[in-house]
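Worksheet: one structure, shown below.
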Amino acid sequence: MADETHERIGFREIDEHGNAVRAVNPHAPEDPERGRRRVLVNPFVVALWVLDAGLVWFCFWAFDAVAAMASPTAQSPSAQVNFMVLQSVPYVLPGTILVTAALLFWHAFQWQKKRATT
222 MADETHERIG
232 FREIDEHGNA
242 VRAVNPHAPE
252 DPERGRRRVL
262 VNPFVVALWV
272 LDAGLVWFCF
282 WAFDAVAAMA
292 SPTAQSPSAQ
302 VNFMVLQSVP
312 YVLPGTILVT
322 AALLFWHAFQ
332 WQKKRATT
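As structure tokens, this is what we get:
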């Protein structure tokens, strides 16, 4: 006959702060270095840098397209492309500058947080 009340009781080890600690088998201890690996790179920040690089590339391409419109000898893009470029650059350029500034401030904050002395 099984006693359901006492079967649910389990024992946990806790540290000096009262946090639960994973129990370790004394006959087969784990290496302390085999803990979780921390990801050194934040994937969201990497994605923002890639987006920022794409926006910078678009701005350079747009300025090249505008220069091609001004030159009568060069083959210029179609009128629709010129219209889209001229309508989007005034918004993309400040956005690129803001994203770059925000990323640089984020990196500066992270650097300062790692080197903070208490």
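Positions in the sequence shown are counted from 1; adding 221 to them yields our numbering. Every residue gets a Cβ at the ideal spot worked out from N, C-alpha and C, and that includes glycine. Just so we're clear, the structure is a prediction, and the values are computed from it rather than from any experiment.
It is roughly 38 angstroms from the alpha-carbon of Trp282 to the alpha-carbon of Lys335. Annotation: Asn263 is outside any alpha helix (DSSP H) and is labelled neither H nor E by DSSP. DSSP, read as helix, strand or coil, puts Ala337 in coil. The alpha-carbon of Ala241 is positioned some 20 angstroms away from that of Arg258. Scanning Val260, Val306, Val262 and Gly239 for the CA closest to the CA of Leu276 turns up Val306. In this structure, the beta-carbon distance from Asp273 to Leu324 falls below 9 angstroms.
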